[in-house]
Amino acid sequence: MNDKVNNNVMNFPSEHMENVRILEALLFAASEPLDAESLKARLPKGVNLNKLLNIVKAHYENRGVNLIKTGNKWSFKTAVDLSPMMKKEKIVQRKLSKAATETLAIIAYHQPVTRAEVEDIRGVHFSPGTLDLLMELNWVRPIGRKKVPGRPIIYGTTERFLEYFQLEQVSDLPGLEELKAAGLLESRLPPNLDIREPVEIDQSQIEPFGEDENIEDLIQSGHEAE
Amino acid sequence: MNDKVNNNVMNFPSEHMENVRILEALLFAASEPLDAESLKARLPKGVNLNKLLNIVKAHYENRGVNLIKTGNKWSFKTAVDLSPMMKKEKIVQRKLSKAATETLAIIAYHQPVTRAEVEDIRGVHFSPGTLDLLMELNWVRPIGRKKVPGRPIIYGTTERFLEYFQLEQVSDLPGLEELKAAGLLESRLPPNLDIREPVEIDQSQIEPFGEDENIEDLIQSGHEAE
Amino acid sequence: MEDISVTYDTTNDPVGSSQDDLIVNLEGFEGPLDLLLTLAKSQKVDLMKISILQLTEQYLEFIAKVRDKNLELAADYLVMAAWMAYLKSNLLIPREETGEELSAEEMAERLKFQLKKLEAIRLVSEKLMKLPKLGNDFFNRGMPEGIRLIRTPEYYLNLYDLLKSYADQRYRVAYSSMTIEKPPVFAMEDALIRLQRMIGDVPDWTRLEQFLPTEFSKGKSARSGVAGTLAAAMELVREGVLEVQQLVPFGPVFFKNKKDDSFLN
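Chains as they are written, first to last, in our numbering: chain A, -14 to 211; chain B, -14 to 211; chain C, 81 to 345.
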């Protein structure tokens, strides 16, 4: 295999090969399409840029990635015939919002908790959809009802949450001393700082959902008893 | 020229060519390294992924862009030897402090390791923010708790760390073999002070989160079920 | 092994330089172990073969010089000095082994090993940082087109951000709930309402203290009660419904209903 590939490489006139490599790397790493001027500025002086571009273009012609000219700028793009399968589910990754991150953290550290308890701990009300999003991501789930008047729904983290953050168990999350040692908390702490040592959920404190209860409905309609 | 290039393409067994193209496109389009499971999910069923990856790797071996394996993930990167030509793309990077560099090295070479062990080797307490910074860079993460009183958190390096230094695995760290051979990775002084054969990390002393690969499998299967 | 044990004395530390230079650089040391390592390397032999006795002398001499110059010395340097002095005396006068405590020789060997270990980490951390680095020597795709892979959720979050978020949020809440605890104040507005309601029933001179609400009549909060009530009283005097009298400086203050007074007269 290596022999074959090396032969391919050797198909380029050797004096061009090094410049071709540089051109490939530049176009690959560039954060925007590059015009001839930008390319020339980064290549050794006196190169025949058009010739190099043609070599690269030809090399990638039938591959999964092509060299494309748009306007007077050059860039690599995935091959057009493959782009439907790339594009179909092309998505922009978004970082979880601050509110959702905080809510998730509080549920993880203080679980099992009710919605009202999370709001109390956070000191602000939920924006609608925060909990929905966390449940959609399958990081948080309703695990039953609290054995108190009103029987509010209580929430906890999921297996998926542990897998995503590569934790074996909830109690592996760092506690106060460890957060402090890791520099995540300032060394001078207010006396009333309330940091939980995260613990596994004690199932005896929880009343499981009834068989006739449709959890999805309860959550979506917001009819949980608070 | 075109003939020549087409011949190159034809050098691949034709039954692989379409899959090679898809693989190239996936790896080019991805914003981060991809593991085998992610790639398989996008390729026709029953493909021999390793064979395809080897074909692509060999094809790019001497080009400006290379196929790189870090951890158990694959990505294209510009060739390291072109570094001098890529000056303009360089990202200005914060230089790590001596404390942070040493802490990173101790965690990388001695992992899994507790904070106390790092402090013991350096002979000083953590300066606030050292671990914080390494975790923020996503080079270091808590990977479990040690099975000793107090169950201290143990730290290890991340896949991002491997990607950053272009290491396929932790055992590729420079000088690791020498350290082992000199008995310097032992947490305790050898009783008779003879230089001993390297002792593998005693896994029974650790409450593991599981080998990375296993975790990846879990994630994969868990997600597919959704 | 050879590599590790040989390379240390080829490093370019200020080993050859005098102790005065080292003293100036005290700030640059990462604790006593770092200082010991630098001193040990000046012996120019394998770290496992250094003379601990000599190293002890070097360290104690160094600490003495620093203290002569009245430079600030962190406590752990002094702890180490005390330990080194203890080690030295034990090395000079070997004692009977108790079986429980480490012998002086063992302690010395342990120290050598610790120094060697630190030195080894220094060496490998240099090697590590010399590796090609992402974003510096090699690069990722600059314009990833993005694909959704089955395992990739639309939202992402890393463990660091999760932990940081929790720590920050807890910290913030702890501080905000502290600032909420303002000292209670008997506002003039409240005092006015109270005084207006009460004054109709007091035709005779009555001490100010009688008008204080119970929660502002004792301890520190009484000050606020008196101030608020007095301010309210002044307002009522201005409106012509109240008379205020104080017979001696700092003496008790008396209030009286003015309307009733004028009726009687």
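Glycine included, C-beta positions come from ideal geometry on N, C-alpha and C.
Spell out whether any CB of chain C is found under 9 angstroms from the CB atom of residue i.
{"i": "T55 of chain A", "result": "no"}
{"i": "Q151 of chain B", "result": "yes"}
{"i": "L122 of chain A", "result": "yes"}
{"i": "R130 of chain B", "result": "no"}
{"i": "L116 of chain A", "result": "no"}
{"i": "L8 of chain A", "result": "no"}
{"i": "S68 of chain B", "result": "yes"}
{"i": "L43 of chain A", "result": "The sequence shown places Ala at residue 43 of chain A, rather than the Leu named in the question. For A43 of chain A, the answer is no, since every Cβ of chain C falls outside 9 angstroms of its Cβ."}
{"i": "N199 of chain B", "result": "Confidence at N199 of chain B is low in this model, with a pLDDT of 38, below 50, so the placement of that residue is unreliable and no value is reported for it."}
{"i": "L52 of chain B", "result": "no"}
{"i": "E46 of chain B", "result": "no"}
Look up residue i in the DSSP assignment and give the residues it is bridged to.
{"i": "V333 of chain C", "result": "C:Q326"}
{"i": "E214 of chain A", "result": "Outside the modelled stretch of chain A, which goes from -14 to 211, sits residue 214 of chain A, for which no answer is possible."}
{"i": "T294 of chain C", "result": "In the DSSP output, where bridge partners are listed per residue, T294 of chain C has none listed."}
{"i": "V125 of chain B", "result": "B:T142"}
{"i": "L38 of chain A", "result": "L38 of chain A pairs with nothing; no bridge assigned."}
{"i": "R287 of chain C", "result": "C:F334"}
Should residue i be flagged as near chain B, meaning a C-beta pair shorter than 9 angstroms?
{"i": "F218 of chain C", "result": "yes"}
{"i": "M209 of chain C", "result": "yes"}
{"i": "N170 of chain C", "result": "no"}
{"i": "H1 of chain A", "result": "no"}
{"i": "A90 of chain A", "result": "no"}
{"i": "P127 of chain A", "result": "no"}
{"i": "L237 of chain C", "result": "no"}
{"i": "Y240 of chain C", "result": "yes"}
{"i": "R303 of chain C", "result": "no"}
{"i": "K73 of chain A", "result": "Here K73 of chain A scores only 44 on pLDDT, less than 50, and its place in the model is too uncertain to base an answer on."}
{"i": "E152 of chain C", "result": "no"}
{"i": "K129 of chain C", "result": "no"}
Checking contacts by CB at 9 angstroms: is residue i closer than that to chain A?
{"i": "E110 of chain C", "result": "no"}
{"i": "A254 of chain C", "result": "yes"}
{"i": "F146 of chain B", "result": "no"}
{"i": "M314 of chain C", "result": "no"}
{"i": "Y157 of chain C", "result": "no"}
{"i": "A247 of chain C", "result": "yes"}
{"i": "Y139 of chain C", "result": "no"}
{"i": "R79 of chain B", "result": "no"}
{"i": "G160 of chain B", "result": "no"}
DSSP state of residue i, grouped into three classes?
{"i": "V32 of chain B", "result": "coil"}
{"i": "K83 of chain A", "result": "helix"}
{"i": "N51 of chain B", "result": "strand"}
{"i": "K149 of chain C", "result": "coil"}
{"i": "D126 of chain C", "result": "coil"}
{"i": "V282 of chain C", "result": "coil"}
{"i": "F61 of chain A", "result": "strand"}
{"i": "D66 of chain B", "result": "helix"}
{"i": "V98 of chain A", "result": "strand"}
{"i": "L170 of chain B", "result": "coil"}
{"i": "L19 of chain B", "result": "strand"}
{"i": "D197 of chain A", "result": "coil"}
{"i": "H110 of chain A", "result": "coil"}
{"i": "S304 of chain C", "result": "helix"}
{"i": "G108 of chain C", "result": "helix"}
{"i": "Q154 of chain B", "result": "coil"}
{"i": "R136 of chain B", "result": "coil"}
{"i": "K369 of chain C", "result": "Absent from the model: residue 369 of chain C. The displayed extent of chain C is 81 to 345, so no value can be given."}
{"i": "E46 of chain B", "result": "coil"}
{"i": "L178 of chain A", "result": "coil"}
{"i": "Q134 of chain C", "result": "helix"}
{"i": "E214 of chain A", "result": "Because chain A here runs from -14 to 211, residue 214 of chain A falls outside it and cannot be looked at."}
(message) Output needed in chain order: residues of the stretch 92 to 111 of chain B with a Cβ under 8 angstroms from some Cβ in chain A.
(response) Within the stretch 92 to 111 of chain B, the qualifying residues are R100 and F111.
(message) For a minimum of 4 consecutive residues, which ranges assigned as the alpha helix (DSSP H) are wholly contained in the stretch 193 to 251 of chain C?
(response) Here no run is fully enclosed.
(message) Can you pull out the residues from the stretch 165 to 177 of chain A whose beta carbon lies closer than 9 angstroms to at least one beta carbon of chain C?
(response) Of all residues in the stretch 165 to 177 of chain A, K165, A167, L169, L170, E171, L174, P175, P176 and N177 have a Cβ within less than 9 angstroms of some Cβ in chain C.
(request) Residues of the stretch 17 to 38 of chain A with a CB closer than 7 angstroms to any CB of chain B: list them in chain order, please. (result) Taking a C-beta cut-off of 7 angstroms against chain B, the contacting residues of the stretch 17 to 38 of chain A are R27, listed in chain order.
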